[in-house]
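Report on the following structure.
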Amino acid sequence: MNGGPALVSILRQGSYLIASIHTALDDSQLVRFQQDLINQIGRYRSRGVVIDVAALDVLDSFGSKTLRNVAEMARLRGAITVIVGIQPDVAFAMVELGMGTGSVHTALDLEEGLAYLNSHLASPAAPGVVGFQD
Amino acid sequence: MNEESATARQLSADFPTLDREDEDQLLPQLVAHLREHRTRLRQEWASRIQGAHLLQAMTPQEMAAETTSVYDNYVEVLETGSVEALQHYARDLSERIIPRGVETHEVVGIVLLLRDVLARSLFGKYQRDFGLLNRVLDAYEPAANRIANTVAVSFVEERERVIRQQQDSIRELSTPVLPVRERLLILPIIGVLDTERARQLTEQLLSGIRTHRAKVVVIDITGAPDVDEAVANHLVQTVDASRLMGASVIITGLSPEIAQTLVTIGVDLSKMNTIGDLQGGLEEAERLLGFTVSRRDGTAGP
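What follows is the structure, given as structure tokens:
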């Protein structure tokens with residue numbers, strides 16, 4: 001199950017992880033992505049995660065449930081998660097089918113997601129955060 | 001009644017000498033009669049219209065002008081047998097009187113009154129000769145029915161065309177997505193929200209969020225007269241979908257009726273951020289985005 005190339009690139013940027021999903025994932029690929037991400041949060045002591053789904057034109061119920069679970073697991077490991085780049089059609093389909101991202105925060109794109117993390121993490125209580133303010 | 005028509009049939013059988021040429025003479029004769037008594041018949045018709053309280057949206061002068069043209073058109077159709085000119089006239093007339101609030105039953109009513117007035121005058125003229133009267137009516141009635149039909153259909157078609165045109169323009173105007181400040185969109189909803197429009201609105205809003213990189217959207221429904229359950233649910237979905245794209249939605253201008261409807265039908269509004277009026281909504285949106293608006297002389301801010 002863990003063989004083959006990863007279909008999600010997980011990039012490390014300071015204390016953030018940026019996971020970019022390039023293509024529609026099947027269920028086992030989603031599970032693998034979940035494991036990779038949770039492992040890396042611990043390894044890099046990440047404080048924030050951005051999951052970019054801009055390339056997806058479909059997000060099914062298992063997919064959105066996995067994203068919610070990932071966010072919850074990340075929170076338990078000490079990182080907050082933002083889902084970014086949900087396309088208009090995808091958003092509409094998701095609400096029509098009664099799916100959502102629950103309490104996970106969403107943002108328009110990567111830039112917005114990073115801005116959200118900065119505003120929620122850039123406090124004295126979070127030392128070592130690499131800022132993205134320009 | 002039956003006896004009379006039997007008599008009429010008997011009489012018409014008594015005149016076998018009347019050949020085809022005489023038949024062809026009937027309509028011209030009839031038309032000549034109607035032309036000759038034009039003023040009297042037209043006045044009688046006009047007074048019957050007044051008596052029936054029809055066309056009250058029109059002034060007496062307008063009515064005199066219109067009844068004269070309708071009369072002449074009517075007689076012309078009887079003469080030529082072609083309804084084309086009448087069709088044009090009826091359409092043109094409808095275009096003029098529909099905005100005045102003239103109803104279908106009035107238009108049909110006045111044409112039937114004219115048909116009636118003319119038929120009575122024919123009765124008067126030919127009453128001594130049942131056979132002839134019978135043939136005159138045979139010639140007159142199909143033509144008169146055709147006229148009534150043409151006028152009614154033209155009127156209804158014109159009305160439908162007007163309605164379609166208005167629907168199209170409402171649809172075109174319906175959902176402007178307006179950027180007001182950086183990252184702030186306003187979506188004023190004017191007019192009846194049906195399911196089709198609500199869907200279109202969502203699509204435009206979501207793509208507007210992406211194009212304008214909006215963070216806050218104010219949907220103002222002051223101009224929407226009514227919201228039913230399907231549309232209310234659609235609004236909730238729109239708010240959810242906007243949130244998935246990272247924008248928060250503020251709904252303003254809920255009228256007392258709509259507020260009551262929404263609560264009564266039990267739409268889940270807990271996730272909806274609503275503020276009384278558009279002004280309040282804009283102020284809240286500016287606050288969310290970190291804008292402050294202040295007067296230049298410093299006397300008062302919002």
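Protein chains in written order, with full-length UniProt numbering: chain B, 1 to 134; chain R, 1 to 302. Glycine included, C-beta positions come from ideal geometry on N, C-alpha and C.
Given residue i as reference, the closest of the options once Cα atoms are compared
{"i": "Gln-56(R)", "options": "Val-107(R), Ser-294(R) and Ala-119(R)", "result": "Val-107(R)"}
{"i": "Ile-21(B)", "options": "Leu-76(B), Val-104(B), Leu-114(B) and Gln-34(B)", "result": "Gln-34(B)"}
{"i": "Ile-265(R)", "options": "Glu-203(R), Ile-275(R), Leu-235(R) and Glu-229(R)", "result": "Glu-229(R)"}
{"i": "Leu-289(R)", "options": "Gln-25(R), Leu-118(R) and Arg-183(R)", "result": "Arg-183(R)"}
{"i": "Tyr-272(R)", "options": "Thr-67(R), Ala-224(R) and Val-218(R)", "result": "A quick correction: the sequence has Met, not Tyr, at residue 272(R). Selected option, being the one with the closest Cα: Val-218(R)."}
{"i": "Tyr-140(R)", "options": "Ile-189(R), Gly-208(R), Arg-295(R) and Val-77(R)", "result": "Val-77(R)"}
{"i": "residue 342(R)", "options": "Val-239(R), Arg-295(R), Thr-222(R) and Val-249(R)", "result": "With chain R covering only 1 through 302, there is no way to say anything about residue 342(R)."}
{"i": "Leu-262(R)", "options": "Val-192(R), Val-111(R), Asn-233(R) and Gly-280(R)", "result": "Asn-233(R)"}
{"i": "Glu-111(B)", "options": "Val-82(B), Ser-28(B), Arg-47(B) and Gly-100(B)", "result": "Val-82(B)"}
{"i": "residue 304(R)", "options": "Pro-99(R), Thr-195(R), Asp-268(R) and Glu-84(R)", "result": "Within the shown structure, residues of chain R are numbered from 1 to 302, placing residue 304(R) beyond reach of any answer."}
{"i": "Met-245(R)", "options": "Ala-64(R), Pro-179(R) and Arg-210(R)", "result": "Arg-210(R)"}
{"i": "Leu-64(R)", "options": "Leu-137(R), Thr-39(R) and Ala-52(R)", "result": "The sequence given here has Ala at residue 64(R), not Leu. Taking only the C-alpha atoms, the option nearest Ala-64(R) is Thr-39(R)."}
{"i": "Ala-148(R)", "options": "Val-70(R), Leu-178(R) and Val-216(R)", "result": "Val-70(R)"}
{"i": "Arg-45(B)", "options": "Ala-74(B), Gly-63(B) and Leu-59(B)", "result": "Ala-74(B)"}
{"i": "Ser-82(R)", "options": "Gln-260(R), Arg-128(R) and Ala-143(R)", "result": "Ala-143(R)"}
{"i": "Phe-62(B)", "options": "Tyr-116(B), Asp-52(B) and Leu-25(B)", "result": "Leu-25(B)"}
{"i": "Gly-102(B)", "options": "Ser-248(R), Pro-256(R), Arg-243(R) and Leu-269(R)", "result": "Arg-243(R)"}
{"i": "Met-99(B)", "options": "Ile-41(B), Ser-64(B) and Gly-78(B)", "result": "Ser-64(B)"}
{"i": "Arg-159(R)", "options": "Arg-128(R), Ser-207(R), Gly-208(R) and Glu-103(R)", "result": "Glu-103(R)"}
{"i": "Ala-198(R)", "options": "Ile-170(R), Pro-179(R) and Leu-235(R)", "result": "Leu-235(R)"}
{"i": "Gly-208(R)", "options": "Pro-179(R), Glu-66(R) and Ser-255(R)", "result": "Pro-179(R)"}
7 Å Cβ shell around residue i - same chain, five flanking residues per side excluded
{"i": "Asp-297(R)", "result": "none"}
{"i": "Ser-121(R)", "result": "His-37 and Leu-41"}
{"i": "Ser-154(R)", "result": "Gln-87, Ala-90, Arg-91 and Ser-94"}
{"i": "Thr-17(R)", "result": "With a pLDDT of only 42 at Thr-17(R), under the threshold of 50, the placement of this residue in the model should not be trusted; the figure read from the coordinates follows. Excluding positions up to five away in sequence, the list is empty."}
{"i": "Phe-291(R)", "result": "Arg-181"}
{"i": "Arg-48(R)", "result": "Leu-113 and Val-117"}
{"i": "Ala-126(B)", "result": "With a pLDDT of only 46 at Ala-126(B), under the threshold of 50, the placement of this residue in the model should not be trusted; the figure read from the coordinates follows. Arg-47, listed in sequence order."}
{"i": "Val-31(R)", "result": "Val-75, Leu-78 and Glu-79"}
{"i": "Val-136(R)", "result": "Leu-26, Leu-30, Leu-122 and Tyr-126"}
{"i": "Pro-124(B)", "result": "Residue confidence for Pro-124(B) is low, a pLDDT of 43 falling below 50, so the modelled location carries little weight; the figure read from the coordinates is stated next. Answer for Pro-124(B): no residue qualifies."}
{"i": "His-33(R)", "result": "Lys-125"}
{"i": "Ile-170(R)", "result": "Gly-191"}
{"i": "Leu-7(B)", "result": "His-22, Thr-23, Leu-25 and Gln-29"}
Chain-ordered chain R contacts of residue i [CB-CB under 9 Å]
{"i": "Gly-100(B)", "result": "Asp-240, Arg-243 and Leu-244"}
{"i": "residue 172(B)", "result": "What the structure shows of chain B is the stretch from 1 to 134, and residue 172(B) is not part of that stretch, so it cannot be assessed."}
Neighbourhood of residue i by C-beta, 6 Å cutoff - its chain only, sequence neighbours within 5 removed
{"i": "Ile-18(B)", "result": "Leu-11 and Val-50"}
{"i": "Asn-2(R)", "result": "The pLDDT assigned to Asn-2(R) is 48, lower than 50, so where the model puts this residue is not dependable; a value taken from the coordinates is nonetheless given after this. The answer is none, since no qualifying residue turns up."}
{"i": "Asp-19(R)", "result": "The predicted model places Asp-19(R) with a pLDDT of 46, which falls under 50 and marks its position as unreliable, so this point remains unresolved."}
{"i": "Gly-281(R)", "result": "Val-218, Ile-250, Thr-252 and Ile-275"}
{"i": "Gln-204(R)", "result": "Thr-175 and Val-177"}
{"i": "Ala-13(R)", "result": "Its pLDDT being 45, under 50, Ala-13(R) is placed unreliably by the model, and nothing is read from it."}
Proximity below 8 Å, CB of residue i to CB of residue j
{"i": "Phe-123(R)", "j": "Leu-133(R)", "result": "yes"}
{"i": "Gln-200(R)", "j": "Val-95(B)", "result": "no"}
{"i": "residue 185(B)", "j": "Asp-57(B)", "result": "This structure leaves residue 185(B) out entirely; chain B is present only between 1 and 134."}
{"i": "Leu-76(B)", "j": "Tyr-16(B)", "result": "no"}
{"i": "Ala-224(R)", "j": "Ile-189(R)", "result": "yes"}
{"i": "Ala-152(R)", "j": "Leu-185(R)", "result": "no"}
{"i": "Val-162(R)", "j": "Ile-98(R)", "result": "yes"}
{"i": "Trp-45(R)", "j": "Val-111(R)", "result": "no"}
{"i": "Val-70(B)", "j": "Leu-108(B)", "result": "no"}
{"i": "Val-239(R)", "j": "Leu-193(R)", "result": "no"}
{"i": "Glu-79(R)", "j": "Leu-27(R)", "result": "yes"}
{"i": "Val-104(B)", "j": "Leu-67(B)", "result": "yes"}
{"i": "Val-227(R)", "j": "Ser-248(R)", "result": "no"}
{"i": "Phe-92(B)", "j": "Thr-195(R)", "result": "no"}
{"i": "Leu-121(B)", "j": "Gly-48(B)", "result": "yes"}
{"i": "Gly-101(R)", "j": "Ala-52(R)", "result": "no"}
{"i": "Thr-23(B)", "j": "Ala-55(B)", "result": "yes"}
Listed by chain order, chain B residues near residue i by CB distance under 7 Å
{"i": "Leu-193(R)", "result": "The contacting residues do not exist; Leu-193(R) stays about 17 Å from chain B at best."}
{"i": "Gln-279(R)", "result": "The contacting residues do not exist; Gln-279(R) stays about 26 Å from chain B at best."}
{"i": "Arg-287(R)", "result": "Result: empty, since nearest Cβ-Cβ is about 15 Å, beyond 7 Å."}
Below-8 Å beta-carbon distance, residue i vs any chain A residue
{"i": "Ile-10(B)", "result": "Here chain A cannot be found, since the structure's protein chains are B and R."}
Contact set for residue i: own chain, Cβ-Cβ below 8 Å, skip 5 residues either direction
{"i": "Ala-8(R)", "result": "For Ala-8(R), the predicted model reports a pLDDT of 46, less than 50, meaning its position is unreliable and no value from the coordinates is stated."}
{"i": "Met-1(B)", "result": "Interpretation of Met-1(B) is limited by its pLDDT of 47, a score under 50 that renders its predicted location unreliable; the figure taken from the coordinates is listed afterwards. Once the five neighbours on either side are set aside, the close Cβ partners of Met-1(B) are Ser-28, Val-31 and Arg-32."}
{"i": "Thr-106(B)", "result": "Val-82, Ile-83, Val-84 and Ile-86"}
{"i": "Val-156(R)", "result": "Thr-104"}
{"i": "Ile-41(B)", "result": "Leu-17, Val-49, Ala-74, Arg-77, Gly-78 and Ala-79"}
Proximal chain R residues relative to residue i, where beta-carbon distance stays under 8 Å
{"i": "Thr-106(B)", "result": "Arg-243, Leu-244, Met-245 and Gly-246"}
{"i": "Glu-72(B)", "result": "None at all; the shortest Cβ gap to chain R is about 17 Å."}
{"i": "Val-84(B)", "result": "Gly-246"}
Chain B residues whose Cβ lies nearer than 8 Å to that of residue i
{"i": "Ser-207(R)", "result": "Pro-88"}
Chain-ordered chain B contacts of residue i [CB-CB under 9 Å]
{"i": "Gln-200(R)", "result": "None at all; the shortest Cβ gap to chain B is about 12 Å."}
Residue i: contacting residues in chain R (beta-carbon distance under 7 Å)
{"i": "Phe-92(B)", "result": "Thr-202, Leu-206 and Ala-241"}
{"i": "Glu-96(B)", "result": "Gln-237"}
Legend entry - alpha helix (DSSP H) runs wholly inside the segment 53 to 120 of chain R, at least 4 long, in chain order: 60 to 80 and 84 to 97
Legend entry - Whole runs of the alpha helix (DSSP H) within the segment 148 to 225 of chain R, excluding any shorter than 4 residues: 195 to 212
Inset, instruction - Would you list, in sequence order, the uninterrupted alpha helix (DSSP H) runs of no fewer than 4 residues that lie entirely inside the segment 63 to 100 of chain B? - result: 88 to 96
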